[in-house]
Amino acid sequence: EGSRIDGVMRAALRHFAEHGLAAAQVARQQAEGAYFSGDMQAYRWWLEMCRTLDRRLADDLEQSMVIEDLLAR
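See below:
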């Protein structure tokens, strides 16, 4: 578990270096794209990346996906 968290943190730092202050929003967009394409593994990765950079944005994303699931039924 600890090495996975370290891996996410390293990836988040690289992502931040590439995208600057927009990094969390870019991660959210990647998570949304993965979710809507049905790639749940990528969705969870990008969600965790987003959470590492901006917890509130990640929480909002999760709530949005719950609403999407409810509306799709």
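Counting from 1, one number per residue, gives the positions in the sequence shown under our numbering. Heads up, the beta-carbon is just placed ideally off N, CA and C, and yes, glycines get one too.
Beta-carbon proximity of residue i to residue j, cut-off 8 Å
| i | j | result |
| --- | --- | --- |
| Leu57 | Ala24 | yes |
| Arg28 | Leu71 | no |
| Cys50 | Ala22 | no |
| Ala12 | Thr52 | yes |
Spatial neighbours of residue i in its chain, beta-carbon cut-off 8 Å, leaving aside the 5 residues before and after
| i | result |
| --- | --- |
| Met9 | Thr52 |
| His15 | Ala23, Val26, Ala27, Met49 and Leu53 |
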